[in-house]
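**Q** First the structure, which I've put down as structure tokens, then a few questions once you've had a look.
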Amino acid sequence: MFAYVVKRLLAGVVVLAVVSAAIFILFWYGPQSPARPICDRETNNRCSPVRLERYERSLGYQNPVYEEYGKFVKGVFVGRTITIYPTDYKCPAPCLGYSYRTKVPVWDEMKVRLPATLSVAFGGAALYLLFGVPIGVAAARRRGSLSDKALVSSFLVLSSVPYYLFALLTWLYLTLIFEIPLFSQTGYFKITDNPAKWFAGMLLAWVALGIYGCTQYTRYSRGAMVEALSEDYIRTAKAKGLPPRTVVYKHALRAALVPIVTIFGIDVGTLLAGTIFTERIFEIQGIGFWSLEAVVARDLPVVAATALFGATMLIAANIIVDVVYSILDPRVRLS
Amino acid sequence: MTEQTSTSTASLRAGADPDEAYLVVDDLTVTFPTEDGPLTAVSDLSYSVELGKTLGIVGESGSGKSVSSMAVLGLHDTKSAKISGSIRIGGTEVVGLSEARMRKLRGNQVAMIFQDALAALHPFYKIGGQLAEAYLVHHPNASKRDARRKAVEMLDRVGIPQPDRRVDDFPHQFSGGMRQRAMIAMGLINDPSLLIADEPTTALDVTVQAQILDLLQDLQREFNSAVIIITHDLGVIAEMADDVLVMYAGRCVEYGPGKEILTHPEMPYTWGLLSSVPDVTADTNARLIPIPGNPPSLLSPPSGCQFHPRCLHRDKVPGDLCRTELPALLPGSRGAGHVKRCHLANPDEVYRAEVLPEIAPELVEEN
């Protein structure tokens, strides 16, 4: 398994190299000069061809693309100096560039924003499982009953609503219309400063993500449990004289967990890659919100860095899922 | 077992006939409500098995073989299956028995082994763990180490080499035959008095089949348990069964001592089963004689004798009797121990004159 993980990690690095090169090239050959956004910003939208050339030269946009990509990669590992006319900026490793907007190293900003995204993603994902799986198991055990049908159909309606609309309505109702004080102050506050405030600030985002996501997990777990409960080995477990709890949880849920964990791993990766809607609606200064701001402000280094970050999270999630899968299912041998 | 349950078992036993067989099934009917109406999978089924004896239940798919045995273990969901009649295990009536009481019997006094052990064993748990679990649930005071020792002992008993190492294997690491052996070991781990084997050799190749059947016979002699073997393979019946019950469309159509049924069958369906057995000594060009038609729908079973649409001999019965009236289960010409459900007046003659020459001409010449 160790060799497998090493192999997958190496493959992941290759994918990241390709992704970063692709992003780099996209901006390089884009419809306008990559120096144009910063030139506009620095000159109050009076970016003349002369001024543009000055920025292009200082940022290296007049050199061959492979040379500059080489500098970027080198900067990630050993750091580099970035010149944004007329100033030199020191960018220590891992250098993902300087924000055109704030003139702060992208990596430093990312470190500040990361805890907020981690809080949103892991809190929301925990609620997926915490509510989705038990409700799904309960529905599978009462399969075909009225409560099962009511649950499945109402959850289907709920998950047919687009997520951004659902999150927006959650915010609207819970904070503006009902004015529930618990939800009044959303946003990210450092957990180390004030855990209670951190919790209260995150709560609404978790509720929105959790309720919306758990409808899908209820359906996954219900389906996986219904399938597991009809397996021959469940009949064997009953024939042994095992109590229903053991049959359902030790035998059926254990088998149903494998597909659930697979989907869950990918979902956590997706959440980490950026919960743009959630962070935007609940004003949480995480990676997703940041990437949105960067796109609006044409802050290319930040856009590139957040895209790269998302790719990294998804690749990592895939590797972790494969490893966990082989632990959960002894028939799977990684090689 | 608590004092309370042991006294209640005793009081139930007191009312039972001490000479009664270990398992007595009386007028068992199992009905499942479906969207298309009630489906009667088993009707008016009666049989008994004594300790140390083997009953073979034969029939096509959907004839009610497995459904009736699952009822013996109380494995049907009481919400979706209606069970009437009586099933007595060691004098205890189990129809209507509470789930908690039933659970104490299941896997303990009555064990079941299933076909296709790969599907019937949990893929994610070690063989030893699954055996130990079966032991522990009925021996709550035993330690995990005791249970493991017992699991190794049982694996050894069913002929698994290096049982102390194989006990930590997962089912997929076992061969098909070994899996079925492990399944048998799991069934016997609590020394049950009744073992139900549902097509125990169906998924196995022929040499392994013979080994598994030998093993079951050895174990039966050793444990003196009552065994029900469910199969569609008359070869298995010939080797294993003391008594044979032939089922068709949820009903018993012929029931008696195994040798009797195999040598003097008196019901055309049994003849059909015998005719469709391949014979290794026969000419390779010899044809198998299939039973024409398909098994009947249990939702709207044929009127009268349910076998009549497929029966080649119904014109020998005067009038419309086969189509209009269900024949009663009555003793045939060979004594009270052999009952059959057929309107034919002289089945033995018909069998010897028409069926036997087709399927075993050498036997006719000898006569």
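So the protein lines, in turn, are chains A and B. For the numbering used here, add 8 to where a residue sits in the first sequence, where the first one is 1. For the numbering used here, add 339 to where a residue sits in the second sequence, where the first one is 1. Quick reminder that beta carbons are idealized off the backbone N, C-alpha and C, glycines included.
Taking beta-carbon pairs under 8 Å, can you tell me which members of the segment 669-683 of chain B lie near chain A?
**A** For the segment 669-683 of chain B, which is checked against every Cβ of chain A, not one residue is closer than 8 Å.
**Q** Taking 8 Å as the threshold (beta carbon to beta carbon), is histidine 707 of chain B in contact with chain A?
**A** Shown here, chain B extends from 340 to 706; a query on residue 707 of chain B therefore has no answer.
**Q** Report the option in B/Leu665, B/Asp582 and B/Pro617 whose CA atom is closest to the CA atom of proline 604 of chain B.
**A** Per the Cα distances, B/Asp582.
**Q** Of the choices A/Gly277, A/Gly249 and A/Thr226, whose alpha-carbon is the least far from that of alanine 264 of chain A?
**A** Of the listed residues, the one whose Cα sits closest to alanine 264 of chain A is A/Thr226.
**Q** Using a Cβ-Cβ distance under 8 Å, would phenylalanine 562 of chain B count as near chain A?
**A** Not one chain A Cβ lies under 8 Å of phenylalanine 562 of chain B.
**Q** When you compare only the Cα positions, how much space is there between serine 343 of chain A and leucine 17 of chain A?
**A** So the alpha carbons of these two residues sit roughly 13 Å apart.
**Q** To the nearest whole angstrom, what separates the beta carbons of cysteine 103 of chain A and valine 73 of chain A, a pair I think is in contact under 8 Å?
**A** Not a contact, Cβ separation roughly 18 Å.
**Q** What would DSSP say about leucine 607 of chain B, mapped onto helix, strand or coil?
**A** Looking at the sequence provided, one finds proline at residue 607 of chain B rather than leucine. Three-state result, proline 607 of chain B: helix.
**Q** For the segment 157-188 of chain A, list every residue whose C-beta sits within 9 Å of some C-beta in chain B, in sequence order.
**A** Within the segment 157-188 of chain A, no residue has a Cβ that lies closer than 9 Å to any Cβ of chain B.
**Q** Sort B/Glu374, B/Ala450 and B/Lys392 by Cα distance to alanine 410 of chain B and report the nearest one.
**A** Residue B/Ala450 is the option with its Cα nearest to alanine 410 of chain B.
**Q** Do leucine 67 of chain A and threonine 320 of chain A come within 8 Å of each other at the CB atom, strictly closer than that value?
**A** Cβ distance not < 8 Å, so threonine 320 of chain A and leucine 67 of chain A don't count as in contact.
**Q** Find the nearest neighbour of leucine 584 of chain B within the set B/Asp572, B/Cys650, B/Glu578 and B/Gly597, judged by alpha-carbon distance.
**A** Residue B/Gly597 is the option with its Cα nearest to leucine 584 of chain B.
**Q** Work out the CA separation of arginine 253 of chain A and valine 169 of chain A for me, nearest whole Å.
**A** Rounded to whole angstroms, valine 169 of chain A to arginine 253 of chain A spans 35 Å at the Cα level.
**Q** Taking only beta-carbon atoms, is leucine 412 of chain B less than 8 Å away from chain A?
**A** Cβ-Cβ to chain A under 8 Å: yes for leucine 412 of chain B.
**Q** Suppose you measure from the CA of valine 6 of chain A to the CA of alanine 216 of chain A; what does that come to, to the nearest Å?
**A** Beyond the ends of chain A as shown, which are 9 and 343, falls residue 6 of chain A; an answer cannot be given.
**Q** Run down chain B in chain order and give the residues with a C-beta less than 7 Å from the C-beta of aspartate 240 of chain A.
**A** Chain B residues near aspartate 240 of chain A: Phe453, Asp455, Ala458 and Ala459.
**Q** Starting from methionine 451 of chain B and walking both ways along the beta strand (DSSP E), at which residues does that stretch end?
**A** Looking at the DSSP string, the run of the beta strand (DSSP E) that includes methionine 451 of chain B is 449-452.
**Q** In whole angstroms, give me the CA-to-CA distance for arginine 44 of chain A and threonine 200 of chain A.
**A** So the two alpha carbons sit approximately 40 Å from each other.
**Q** Taking one C-beta from the segment 475-495 of chain B and one from the segment 403-417 of chain B each time, how about it: are there three or more such pairs within less than 8 Å?
**A** No, because fewer than three Cβ pairs between the segment 475-495 of chain B and the segment 403-417 of chain B fall closer than 8 Å, the two stretches do not touch.
**Q** Closer than 8 Å, CB to CB, is phenylalanine 513 of chain B near chain A or not?
**A** With 8 Å as the cut-off, phenylalanine 513 of chain B does not count as an interface residue toward chain A.
**Q** Work out the CA separation of glycine 282 of chain A and alanine 208 of chain A for me, nearest whole Å.
**A** The straight-line gap from Cα to Cα measures roughly 21 Å.
**Q** What are the start and end residues of each continuous beta strand (DSSP E) run of 3 or more residues lying completely inside the segment 73-133 of chain A, in chain order?
**A** As far as the segment 73-133 of chain A is concerned, its whole beta strand (DSSP E) runs of at least 3 residues are 88-92 and 95-99.
**Q** Counting only C-beta atoms, is aspartate 330 of chain A closer than 8 Å to chain B at any point?
**A** Closer than 8 Å: no.
**Q** If the cut-off is 8 Å on Cβ atoms, which residues from the segment 131-146 of chain A count as contacting chain B, listed in chain order?
**A** Here the close residues number zero.
**Q** Of the residues that make up the segment 425-448 of chain B, which ones have a beta carbon closer than 9 Å to any beta carbon in chain A?
**A** Flagged, chain order: Glu438, Ala439, Met441, Arg442, Lys443, Leu444, Arg445, Gly446 and Asn447.
**Q** Inspect the beta-carbon positions of glycine 140 of chain A and lysine 443 of chain B and report whether they are closer than 8 Å.
**A** No, they are not a contact pair.
**Q** Can you tell me where the beta strand (DSSP E) holding glycine 674 of chain B begins and where it ends?
**A** That run of the beta strand (DSSP E) goes 674-679.
**Q** What does glycine 105 of chain A reach in chain B if we use C-beta pairs closer than 9 Å?
**A** Under the 9 Å cutoff, chain B gives no residues; its nearest Cβ is about 47 Å from glycine 105 of chain A.
**Q** Can you check whether the C-beta of leucine 342 of chain A is within less than 8 Å of a C-beta belonging to chain B?
**A** No, its Cβ sits nowhere closer than 8 Å to a Cβ of chain B.
**Q** Is the CB of histidine 571 of chain B under 8 Å away from at least one CB in chain A?
**A** No, because no Cβ of chain A sits closer than 8 Å to the Cβ of histidine 571 of chain B.
**Q** By Cβ distance, which residues of its chain are closer than 7 Å to phenylalanine 285 of chain A, with the 5 residues on each side in sequence left out?
**A** Tyr171, Tyr172 and Ala175.
**Q** Whole angstroms is fine: what's the gap from cysteine 548 of chain B's alpha carbon to arginine 230 of chain A's?
**A** The sequence as given places glutamine at residue 548 of chain B; cysteine does not occur at that position. Answer to the nearest angstrom: the Cα atoms are 38 Å apart.
**Q** Please report the distance separating the alpha-carbon of serine 408 of chain B from that of methionine 210 of chain A.
**A** Looking at the two C-alpha atoms, the distance is approximately 56 Å.
**Q** Give the DSSP-derived three-state secondary structure of threonine 540 of chain B in the structure shown.
**A** Coil.
**Q** When DSSP builds the beta bridges, which residues end up paired with valine 364 of chain B?
**A** According to DSSP, which records beta bridges pairwise, valine 364 of chain B is partnered with B/Tyr386 and B/Ile426.
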